[in-house]
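J.:
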């Protein structure tokens, strides 16, 4: 591998092409060229592989979905399909794609309607896309039929587009402009940042676009590179199991993803390789939350539930005997700060509510110190 100075110089040169070296004309020029950091404390000492995390939260909109938002809009502009003067963009999304689209739409002057399910975990996404100025339509949620919930959400967005001549949808789950962003940018960044030594790439499957684009790129550069798709344990539909409700927000849409299906058309949905994807692994909601919390406390990284799941799987792979001396990169899709309404924050919210009463005591001076977190005893679990 190149020396550290040489690697940094090459990455900085790559960054300069995306506007990260100085002033830019638009926030869209800041998308991509995200850094990587090695995990040290959560990887067991007996695991002799290096595990890096690619920090997609460093994108200006806060997630990996900024990449596909820009790609889908700009490729459609190149084809003459859309223009800010006449087009309203409509997309069904559980969150981060909507935020990326809202940011890009604001920067380019498009009207935008985001369709998302009406569940509490969408709170941060709702207020963020509204802050960017777009409209939001919320659809029903069926507790016992999550696939139907997603189908209704997507169906409603398609109906909007069909009934309005100037409405256009990026169609993130099916368009080739989604994986194109990762083929043209994310994959080459991973290759440059590791100086071609990447041996394994791990990512969750939201739309499947990251695994499609990065997988195809890395397999072309290095056929031995092991590509791993992560699903929630509760919703392993990509290996033919039944879908279900889960808390690993951002992945596990309970759809047999078209962008994954395209990698091996007609192949049965079952365990085993599919196109460039060598392995489909999984982590449960409790495991995803546990690992997101561990990474925060032990590595200083705030990661969301899907990143917790991916990191858990990446560390498990690092402990395999055949991975000794290898380089593993896990994609961290977004920051934990994006999920404050998620149960992963429940302990901190309960403590904060008790520590910071409403209204505060503004009348008395003493005692000076009103609260010490180390003295706090959390309520017993039911």
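In our numbering, the protein residues as written are -5 to 376. Cβ atoms here follow ideal geometry from the backbone N, Cα and C, with glycine treated the same way. In this text, all values refer to a predicted model and were calculated from it rather than measured experimentally.
Within 10 angstroms of its Cβ, does residue 60 collect 16 or more other Cβ (buried), or is it exposed?
T.: What you label residue 60 is simply residue 66 of the chain shown in a count that begins at 1. It is buried - the Cβ of residue 60 has at least 16 other Cβ atoms within 10 Å.
J.: Out of curiosity, what's the CA-to-CA distance linking residue 331 and residue 83?
T.: As a first step, residue 331 must be located in the chain shown, where it is residue number 337. As a first step, residue 83 must be located in the chain shown, where it is residue number 89. Whole-angstrom Cα-Cα distance: 27 Å.
J.: With distance defined between alpha-carbon atoms, name the residue in 146, 36 and 44 nearest to residue 316.
T.: Here residue 316 refers to the residue found at position 322 when the chain shown is read from its first residue. Closest option to residue 316, Cα to Cα, is 44.
J.: The alpha helix (DSSP H) spanning residue 155 covers which residue range?
T.: In the chain shown, the residue the question calls residue 155 occupies position 161. Per DSSP, residue 155 belongs to the alpha helix (DSSP H) from 140 to 156.
J.: Does DSSP classify residue 290 as helix, strand or coil?
T.: Taking the chain shown and counting its residues from 1, the one referred to as residue 290 is at position 296. Residue 290: helix per DSSP, three-state reduction.
J.: Can you tell me whether residue 411 is buried or exposed, with buried defined as 16 or more other CB within 10 angstroms of its CB?
T.: No information on residue 411 is available, as it lies outside the stretch -5 to 376 that the chain covers here.
J.: What is the DSSP secondary structure of residue 228, counted as helix, strand or coil?
T.: As a position in the chain shown, residue 228 is number 234, starting the count at 1. Reduced to three states, the DSSP call for residue 228 is helix.
J.: From residue 40 to residue 313, what does the alpha carbon distance come to, in whole angstroms?
T.: In the chain shown, the residue the question calls residue 40 occupies position 46. In the chain shown, the residue the question calls residue 313 occupies position 319. About 7 Å.
J.: Look up residue 161 in the DSSP assignment and say whether it is helix, strand or coil.
T.: Here residue 161 refers to the residue found at position 167 of the chain shown. In this structure, residue 161 counts as strand in the three-state DSSP scheme.
J.: Looking at C-beta atoms only, is the number of pairs between the segment 146 to 161 and the segment 22 to 38 that lie closer than 8 Å three or more?
T.: No contact exists between the segment 146 to 161 and the segment 22 to 38.
J.: Out of curiosity, what's the CA-to-CA distance linking residue 375 and residue 340?
T.: As a first step, residue 375 must be located in the chain shown, where it is residue number 381. As a first step, residue 340 must be located in the chain shown, where it is residue number 346. Near 12 Å, if we compare the C-alpha coordinates of residue 340 and residue 375.
J.: Can residue 187 and residue 51 be called in contact, C-beta distance under 7 Å?
T.: Taking the first residue of the chain shown as position 1, residue 187 is located at position 193. Taking the first residue of the chain shown as position 1, residue 51 is located at position 57. No, the pair does not count as a contact, with Cβ atoms beyond the cut-off.
J.: Let me check one thing: in DSSP terms, what residues is residue 111 bridge-paired to?
T.: The sequence position of residue 111 within the chain shown is 117, counting from 1. In the DSSP output, where bridge partners are listed per residue, residue 111 has 133.
J.: Give the single residue among 215, 70 and 111 whose Cα lies nearest to the Cα of residue 131.
T.: Here residue 131 refers to the residue found at position 137 when the chain shown is read from its first residue. Of 215, 70 and 111, the residue nearest in Cα terms is 111.
J.: Between the C-alpha atoms of residue 236 and residue 251, what's the straight-line distance to the nearest angstrom?
T.: Within the chain shown, the letter at position 242 stands for residue 236. Within the chain shown, the letter at position 257 stands for residue 251. Rounded to whole angstroms, residue 236 to residue 251 spans 14 Å at the Cα level.
J.: Among 325, 311 and 326, which one has its Cα closest to the Cα of residue 319?
T.: Here residue 319 corresponds to residue number 325 of the chain shown, with the count starting at 1. Nearest of 325, 311 and 326 to residue 319, Cα basis: 311.
J.: Please go through the same chain and pick out, in chain order, the residues whose beta-carbon is closer than 7 Å to the beta-carbon of residue 326, but skip the five residues on each side of it.
T.: By 1-based counting over the chain shown, the position of residue 326 is 332. Result list for residue 326: 47, 48, 49, 50, 51, 297 and 301, in chain order.
J.: Would you list the one or two residues that DSSP bridges to residue 46?
T.: As a first step, residue 46 must be located in the chain shown, where it is residue number 52. 32 and 323, per the DSSP bridge assignment.
J.: Quick check on residue 61: does DSSP put it in helix, strand or coil?
T.: As a working note, residue 61 is residue 67 in the chain shown. Three-state result, residue 61: helix.
J.: Sort out for me which residues DSSP pairs residue 276 with in a bridge.
T.: Along the chain shown, read from residue 1 onward, the residue named residue 276 stands at position 282. Bridge partners of residue 276: 225.
J.: Using the C-alpha atoms, what's the distance from residue 140 back to residue 355?
T.: As a first step, residue 355 must be located in the chain shown, where it is residue number 361. As a first step, residue 140 must be located in the chain shown, where it is residue number 146. Using only the alpha carbons, I get a separation of about 45 Å.
J.: Secondary structure at residue 314, three-state DSSP: helix, strand or coil?
T.: In the chain shown, residue 314 corresponds to position 320, counting from 1. Coil.
J.: Compare the Cα-Cα distances from residue 219 to each of 181, 97 and 19 and report the closest residue.
T.: In the chain shown, residue 219 corresponds to position 225, counting from 1. Among 181, 97 and 19, the Cα nearest to that of residue 219 belongs to 181.
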